[in-house]
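In what follows, a single structure is set out as structure tokens and then discussed.
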Amino acid sequence: MKYSSTLLEQLYHMMVKIRYTEESLVEPIMNGTVRCPVHLYTGQEAVATGMCTHLTREDYVFGNHRSHGHYLAKGGDLKKMIAEIYCRETGCAKGRGGSMHLISPENGVMGIVPIVAGTISLAVGAAMASKVRKDKRVTLSFFGDGATGEGVLYESLNFASLYKLPIIFVCENNLYSTHMTVKKIRPPQKIAKIASPFGIKSFSSDGNDVLKVYEVSKKAVDYCRSGKGPVFIEFFTYRLRGHVGPDDNIQGSHTEIRPLSEVEKWKKRDPVLRFAKYLISKKVLSQNKINQIIQEVNNEINQAHTFAQNSARPLANEVLEYVFK
Amino acid sequence: MSLNKERKLNFALAINEALTQMLESDPSVMLIGQGVMSPWYVGNTCKDLLEKFGEARVLDTPVSENATTGAAVGAAIAGMKTIVVHPRTDFAVYALDPIINEAANWHYMSGGASNVPVVFWLIVNGGGEQAAQHSQALHTIFAHVPGLKVIAPSTPYDVKGMLIAAINDPNPVVFIDNRSLYGFEESVPEKMYEIPLGKGIIRRKGKDITLVSFSHLAQETLKAAETLALEGIDAEVIDIRTLKPLDEKIIFDSVEKTQRIAIIDSAWKFCGFSAEVVALLAEKTSLEGKSITRINIPDAPAAASNSLEQAYYINAEKIVSRVKNFCSDKVIAN
Ligand SMILES: Cc1ncc(C[n+]2csc(CCOP(=O)(O)OP(=O)(O)O)c2C)c(N)n1
Chain A
1171 MKYSSTLLEQ
1181 LYHMMVKIRY
1191 TEESLVEPIM
1201 NGTVRCPVHL
1211 YTGQEAVATG
1221 MCTHLTREDY
1231 VFGNHRSHGH
1241 YLAKGGDLKK
1251 MIAEIYCRET
1261 GCAKGRGGSM
1271 HLISPENGVM
1281 GIVPIVAGTI
1291 SLAVGAAMAS
1301 KVRKDKRVTL
1311 SFFGDGATGE
1321 GVLYESLNFA
1331 SLYKLPIIFV
1341 CENNLYSTHM
1351 TVKKIRPPQK
1361 IAKIASPFGI
1371 KSFSSDGNDV
1381 LKVYEVSKKA
1391 VDYCRSGKGP
1401 VFIEFFTYRL
1411 RGHVGPDDNI
1421 QGSHTEIRPL
1431 SEVEKWKKRD
1441 PVLRFAKYLI
1451 SKKVLSQNKI
1461 NQIIQEVNNE
1471 INQAHTFAQN
1481 SARPLANEVL
1491 EYVFK
Chain B
-7 MSLNKERKLN
3 FALAINEALT
13 QMLESDPSVM
23 LIGQGVMSPW
33 YVGNTCKDLL
43 EKFGEARVLD
53 TPVSENATTG
63 AAVGAAIAGM
73 KTIVVHPRTD
83 FAVYALDPII
93 NEAANWHYMS
103 GGASNVPVVF
113 WLIVNGGGEQ
123 AAQHSQALHT
133 IFAHVPGLKV
143 IAPSTPYDVK
153 GMLIAAINDP
163 NPVVFIDNRS
173 LYGFEESVPE
183 KMYEIPLGKG
193 IIRRKGKDIT
203 LVSFSHLAQE
213 TLKAAETLAL
223 EGIDAEVIDI
233 RTLKPLDEKI
243 IFDSVEKTQR
253 IAIIDSAWKF
263 CGFSAEVVAL
273 LAEKTSLEGK
283 SITRINIPDA
293 PAAASNSLEQ
303 AYYINAEKIV
313 SRVKNFCSDK
323 VIAN
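Top line first, the protein sequences correspond to chains A and B.
Mapping of the first sequence onto this note's numbering: residues 1171 to 1495, in sequence order.
Mapping of the second sequence onto this note's numbering: residues -7 to 326, in sequence order.
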């Protein structure tokens, strides 16, 4: 595939934005200013970035507990996200949701919830709405390898296939479901295969190489948008941080969850560093330009934190607000 | 090992001891669910169980609540005594079919030919800015369904005895637990013992008002009663321990004496436990001269923000102020 340097820079910029946003949360989590459970996306930036680049603002995205990257890549507002993570009134869910409930309907981020597999069937429904309206929207449903244990995923695959719905099931296989390795929760078979019995077109791909993600994603989106039906993609990737919070230690005394050698191995495949190296070697970006991008992103992130910290918390007497509309 | 009656154990370790002793003494006992090998999920409640009893009888499962719970029900039908844990009650919502359609109805549907000795162990863990899907106290949904017993013990001593009784009970028992109790320590006998399900207990005797509660709020209520005593309100505190079958008599007798009741429930008011108690009082006793109030969480999902959590959850302080208002004629003017 041929890439314009504008596109390459745009991809890199988004990955840096997600990475530095995630890393900016480490300190506030550790010092207790951020208290809600936060599942960092560090290490998986290429997936959200590569996938969402093909979408228009009108296309739909549904996510799970680890969805900061999906929200940002789909055009969600950084300030509103950080404010939500601080549980402030100015957050995208007005402080009612925290990190696990991001939403931005105006950008097609339709909803994100921590019930594992909880939004997969909802995404199917959104695709169904698109089909009824013939509006050519594509829906992305993001979930992890852990979600492949839930029955609703299989019911959704069946349903989406029967009605040829414009939905892409995106499984981010980061090899762990909380404290359990994927080996403990699944027979050793490619996750991408679970879609075949339903006659759903599927792909698997390196999820740490943004260009590979971009390519497979283009195929999937084109296929889906042309009305041919659902697609399933499995991306192999790795979270470089703990399940919840910065490291595995936070999960109690069970610190031996992931062998250090494994973490080290995956650090070498860090999608952001890897892409930066590639861009430099291809002379698309200079080291100076890269530093400048990082600087700009960091400024934006710092402003978002300041905005969030200066925002008020919801008022106690508004506890019944938003129960019904 | 020792005969020391004063041996202390915290709530989580009392659960652990009940599970250990049941697994040791009865080869038909099995434990299954998410996080049994992870203190991050279930505290110390399942400490060492996997190592001691092996992967056949202690299973840490994939995220598959519906299948896992159904499997626990099926194994119970096939003669095992199973305990299935859901580290958040919210996750067990995926498992309502095997709990409500299958287990609860099974004995009846089969004309008594089969029974289901399973314990559904659900943990509520409100607060910590975890929002709506990590905090729901859904006791009432289960208590509504015939065929299910629902227990919610509040002390280490009780939880050990009631959990053992629940595992040995031939019926499906829903054990709803609260993480905030896990550090609470008291003396717990090492021997195995059972506390019969369906019996409430008076935690504090008093004459001015009856306070009825369960689980962690029974402890908060007890604390509140001590403060209220300083204000001249002598409260009787009933820890109901089992929501279904409900020990109505212990409530009726107390209210007969005090003429006042406050029901304190960690869940919503509408169609809930507190509504049931009021209905029973109205149906089965004379309300004349009696006054009734209910203390529940607001009729809203849990919000993440700490400022809203403070307004949302019930604690001893809130109980004190609500009861003081309710008994304003009793408060000593100062
Ligand atoms: C229904 C349900 N069961 C259990 C949980 C607890 N839980 C939160 S995240 C998670 C693991 C998810 O693993 P995966 O889907 O692979 O996503 P990852 O965290 O690896 O990104 C679990 C079991 C939950 N949130 N919802």
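Beta carbons: idealized from backbone N, C-alpha and C, even for Gly.
The model shown is predicted, which means the values in this text are computed figures rather than measured ones.
Neighbourhood of ARG1483(A) in chain B, by CB distance below 9 angstroms: SER297, ASN298, SER299 and LEU300, in chain order. If the five residues before and after PRO109(B) are omitted, its C-beta is found closer than 6 angstroms to the C-beta atoms of ALA68, LYS73 and PRO162, all from its own chain and listed in chain order. Secondary structure remark: continuous alpha helix (DSSP H) runs of at least 4 residues inside the segment 1449 to 1488 of chain A, in chain order: 1457 to 1479. ARG1428(A) and TYR1346(A) do touch by the CB rule: their CB atoms are close to 7 angstroms apart, below 8 angstroms. Taken through DSSP and simplified to helix, strand or coil, GLY46(B) comes out as helix. Taking a Cβ-Cβ threshold of 7 angstroms, none of the residues of chain A is close to ASP231(B); the smallest such distance is about 27 angstroms.
With 16 or more other Cβ atoms from the protein chains shown falling within 10 Å of its own Cβ, ASN1343(A) counts as buried. With fewer than 16 other CB atoms across the displayed protein chains lying within 10 angstroms of its CB, GLU275(B) is exposed.
Annotation: HIS78(B) has no Cβ neighbours in chain A at a cutoff of 9 angstroms; minimum Cβ distance is about 12 angstroms. In this structure, THR1348(A) has its beta carbon less than 7 angstroms from a heavy atom of ligand 1. Within the segment 57 to 116 of chain B, complete alpha helix (DSSP H) segments of at least 4 residues are found at 57 to 69 and 96 to 101, given in chain order. At least 8 angstroms separates the CB of ALA1474(A) from every CB of chain B. Under the three-state reduction of DSSP output, LYS1447(A) falls in the helix class. Distances between the C-beta of GLN26(B) and the heavy atoms of ligand 1 include at least one below 7 angstroms. Cβ proximity to chain A below 7 angstroms picks out PRO54, VAL55, SER56, ASN58 and ALA59 from the segment 54 to 70 of chain B.
The nearest non-hydrogen atom of ligand 1 is less than 7 angstroms from the C-beta of GLY1316(A). Only those residues of the segment 1263 to 1288 of chain A whose C-beta falls short of 7 angstroms from the nearest C-beta of chain B are listed: GLY1265, ARG1266, GLY1267, GLY1268, MET1270, HIS1271, VAL1283, PRO1284, ILE1285 and VAL1286. Between the segment 116 to 130 of chain B and the segment 178 to 194 of chain B, the count of C-beta pairs closer than 8 angstroms stays below three; the two stretches do not touch. Excluding residues up to 5 positions away in sequence, ALA296, SER297, ASN298 and GLU301 lie with their Cβ nearer than 8 angstroms to the Cβ of GLU121(B) in the same chain.
Any Cβ of chain A closer than 8 angstroms to the Cβ of HIS126(B) would place that residue at the interface, and such an atom is present.
Around the beta carbon of GLU268(B), a 10 Å sphere encloses 16 or more other beta carbons of the protein chains shown; the residue is thus reported as buried.
Counting the other CB atoms within 10 Å of its CB gives GLU1320(A) a total of 16 or more, which places it among the buried residues.
In this structure, the C-beta of VAL1217(A) stays at least 7 angstroms away from each heavy atom of ligand 1. At least one C-beta of chain A is nearer than 8 angstroms to the C-beta of GLY120(B). Just so you know, the alpha carbons of VAL77(B) and PHE112(B) end up roughly 6 angstroms apart.
For TYR1230(A), the enclosing beta strand (DSSP E) begins and ends at 1230 to 1233. Counting every other CB atom within 10 Å of its CB across the protein chains shown gives TYR1408(A) a total of 16 or more, marking it as buried. For ASN317(B), no beta strand (DSSP E) run applies; the uninterrupted alpha helix (DSSP H) run containing it begins and ends at 308 to 318, by DSSP. Around the C-beta of VAL1308(A), 16 or more other C-beta atoms lie within 10 Å, and the residue is accordingly described as buried. With a cutoff of 8 angstroms on beta-carbon distance, ILE256(B) and SER205(B) are scored as near each other. Proximity of TYR149(B) to chain A, defined by a Cβ-Cβ separation below 8 angstroms, is not satisfied. SER207(B) is a Cβ neighbour of ALA144(B), given a cutoff of 8 angstroms. For ARG1303(A), the number of other beta carbons within 10 angstroms of its own is below 16, and it is reported as exposed. Under the DSSP assignment, LYS141(B) falls in the beta strand (DSSP E) whose first and last residues are 141 to 143.
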